[in-house]
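For the sequence shown, this note's numbering begins at 110 and goes up steadily by one.
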Amino acid sequence: MKAAIALLLCLFSATSMALETGERLAPWTLLDQHDQAYTLDDQLQVLLVARSMDAAKLVDAALQGKPKGYLEQRHTMFLADISRMPSIIGKLFAIPKMRDYNYRVLLDRDARIAPRYPADNASVLWLDLRQGQLQGQRSFTDATELAQALEAAGR
């Protein structure tokens with residue numbers, strides 16, 4: 110009986126963590142791949158969240174050939190959860206490679222931020238924001254569809 114109650118409480122707390130439309134995102138600050146700080150502000154309109162390497166590759170594919178500043182022009186930021194990456198791999202290989210990207214990657218090294226935004230590991234979570242409040246969310250598993258959505262966000 111105690112196990113059933115504990116399981117029920119865990120399930121309840123997991124569902125209560127989901128973001129609701131109209132909810133204000135809690136403020137946070139992360140460093141990008143160039144060790145430059147970014148603090149969530151009311152100007153941000155789209156937050157892309159990748160919780161896995163596959164999802165991050167999807168974002169990279171969608172941004173291929175796009176000019177530097179493409180995301181910023183759309184008031185968009187890309188947050189990558191790299192907490193499961195061994196730190197030595199990150200320091201020696203992954204982060205130096207990210208420095209060559211022509212877009213900014215906010216690095217959640219300790220899984221402090223990305224878990225606030227529940228998403229499937231295989232997809233990119235798109236959070237639509239206005240004045241820091243969630244207006245809607247969707248997921249992308251196709252780079253072409255993500256690229257089209259980003260183009261539409263720039264209009």
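Even for Gly, the Cβ is constructed at its ideal location relative to N, Cα and C.
Owing to the predicted nature of the structure, the values given are computational and were not obtained by experimental measurement.
Cβ-based burial, residue i [other Cβ within 10 Å; buried from 16]
i: F202; result: exposed
i: T130; result: exposed
i: A261; result: exposed
i: R160; result: buried
Spatial distance of residue i from residue j (CA atoms)
i: D151; j: D141; result: 19 Å
i: A223; j: A189; result: 8 Å
i: Q240; j: V155; result: 11 Å
i: L259; j: I198; result: 30 Å
i: A135; j: A170; result: 29 Å
i: L236; j: Y210; result: 22 Å
Bridge partners - residue i, DSSP secondary structure assignment
i: S192; result: Paired residue(s): none; S192 is not in a bridge.
i: Y147; result: L139
i: R247; result: W235
Residue nearest to residue i in terms of C-alpha spacing, selected from the options
i: L139; options: D217, D229, Q244; result: D217
i: R193; options: D219, L180, R264, T250; result: D219
i: Y212; options: I191, H184, P195, A228; result: H184
i: K166; options: L243, K206, P176; result: K206
Cutoff 8 Å: residue i Cβ touching any chain D Cβ
i: T130; result: Given the protein chain composition of this structure (a single chain), no chain D is represented.
Nonlocal neighbours in the same chain, by C-beta distance under 6 Å from residue i, ignoring five residues either side
i: I204; result: Q142
Close beta carbons around residue i, own chain, < 7 Å, minus the five adjacent residues each side
i: A164; result: N230, A231, S232, V233
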